[in-house]
Amino acid sequence: MSTHRLRPSPLVSLPRGALVIALVLWAATFALGFAAKAASGWLTSQLVVDRALNDAHSSLFDAVARALDHLDSVSVVAVCLVILAVLVGLFVSWGRALAAVVIAGGGWVLCLIPKAVVGETRPPLDAVAHLLHVSPATLSYPSGHTVFAVTLSAAVLMVCRGLWARIIVLVVGILFVAVTAWSRLYVGAHYPTDVLGALLAGAGGALLVAWLWNFVVRRILARRSPSDTAPAADAARG
1 MSTHRLRPSP LVSLPRGALV IALVLWAATF ALGFAAKAAS GWLTSQLVVD
51 RALNDAHSSL FDAVARALDH LDSVSVVAVC LVILAVLVGL FVSWGRALAA
101 VVIAGGGWVL CLIPKAVVGE TRPPLDAVAH LLHVSPATLS YPSGHTVFAV
151 TLSAAVLMVC RGLWARIIVL VVGILFVAVT AWSRLYVGAH YPTDVLGALL
201 AGAGGALLVA WLWNFVVRRI LARRSPSDTA PAADAARG
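As structure tokens, then:
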């Protein structure tokens, strides 16, 4: 009995109305993307932000931007997800480790939908003076790098336990997302609305996948005997 009660629930922490919040964020993602694409002059005017950040270039900033440029590649994402699974599995539970991987990876993949639907092209290659020769391979809106930074941070926040652990994850996650968003503007790979849309798409995608995860897990737990289901439900409430 006591052994069961010590087993962490595979359910993840979500705010009330998570599904509604996710759908609103996704609606806002598409609305912002279509609005930015329709007003081409607005996109062009945004490049003043990219140029201002790029003009403050340094060797340190270049190194950080180049390192984060690989964040959106499938191989790097896969490595990040494996590391995430191992750390969460060892320090929290393997059930929540799987949840974290599904949320981070699934939320990132979902950003391909607004990319394809909105179909916004990248800023011109000469948008900034200090070129770092990054090679954008996909459409511009939303920023896939920033989306992954958001979904990865959100996944860790949802599966970690304890108030202080969540506060630390929240602070580190915000810094990680901010630096990633800065790097995409610094190299001139995105418009500011691309990274803003990425915040919406990343948060919305992570919430949607997490809500689906909890929905499926609850259905699985409901099929178990009451003696197996009760401890998991107690752990989820705690």
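Everything in the sequence shown is counted per the numbering used here, starting at 1 for the first residue and increasing by one.
Virtual Cβ for every residue (Gly too), placed ideally from N, Cα, C.
These numbers come from a predicted model, not from an experiment.
In the pairwise beta carbon analysis, the region 148-167 is classified as not touching the region 114-121: fewer than three pairs are separated by under 8 Å. Secondary structure of Asp-69 (DSSP, three-state): coil.
Val-20 sits away from Met-158, with the two beta carbons spaced by 9 Å or more. Pairing Val-79 with Leu-32, the inter-Cα distance amounts to about 31 Å. By alpha-carbon distance to Val-187, the top candidate from Thr-151, Leu-139, Val-64, Ala-203 is Val-64. Contact check for Gly-106 and Val-209: beta-carbon distance about 4 Å, within the 8 Å limit, so the pair qualifies. The beta-carbon distance between Arg-184 and Val-172, rounded to whole angstroms, is 19 Å. This is too long to meet the 8 Å contact definition. Contact between Val-86 and Trp-108 fails: their C-beta atoms lie close to 19 Å from each other, not under 8 Å.
DSSP, reduced to helix, strand and coil, places Ser-143 outside both helices and strands of the structure shown, so it counts as coil. It is roughly 32 Å from the alpha-carbon of Leu-199 to the alpha-carbon of Leu-221. For Ala-67, the closest C-alpha among the options Thr-180, Leu-14, Arg-219 is that of Thr-180. For Cys-80, the three-state secondary structure derived from DSSP is helix. The beta carbon of Phe-34 sits closer than 7 Å to the beta carbons of Val-118 from its chain, once the five residues preceding and following it are set aside; these are given in chain order. Using a 10 angstroms sphere on the CB of Asp-126, the tally of other CB atoms stays under 16, which defines it as exposed. Each of Ala-155, Ile-174, Leu-132, Arg-224 was checked against the Cα of Ala-189, and the nearest Cα belongs to Leu-132.
With respect to Thr-151, Ala-99 sits apart: the two C-beta atoms are not nearer than 9 Å. In the three-state scheme derived from DSSP, where H, G and I count as helix and E and B as strand, Pro-114 is classed as helix.
Boundaries of the alpha helix (DSSP H) harbouring Gly-197: 192-222, taken from the DSSP string. Assigned with DSSP and collapsed to three states, Arg-161 falls in coil, not helix or strand.
Scanning its chain for C-beta atoms nearer than 8 Å, with the 5 sequence neighbours on each side dropped, one finds around Asn-214 the residues Leu-11, Val-12, Leu-14, in chain order.
Counting other Cβ atoms within 10 Å of its Cβ, Trp-211 reaches 16 or more and is therefore classed as buried. An exposed status is given to Ser-73, since fewer than 16 other beta-carbon atoms sit within 10 Å of its beta-carbon. For Val-49, the enclosing alpha helix (DSSP H) covers residues 40-55.
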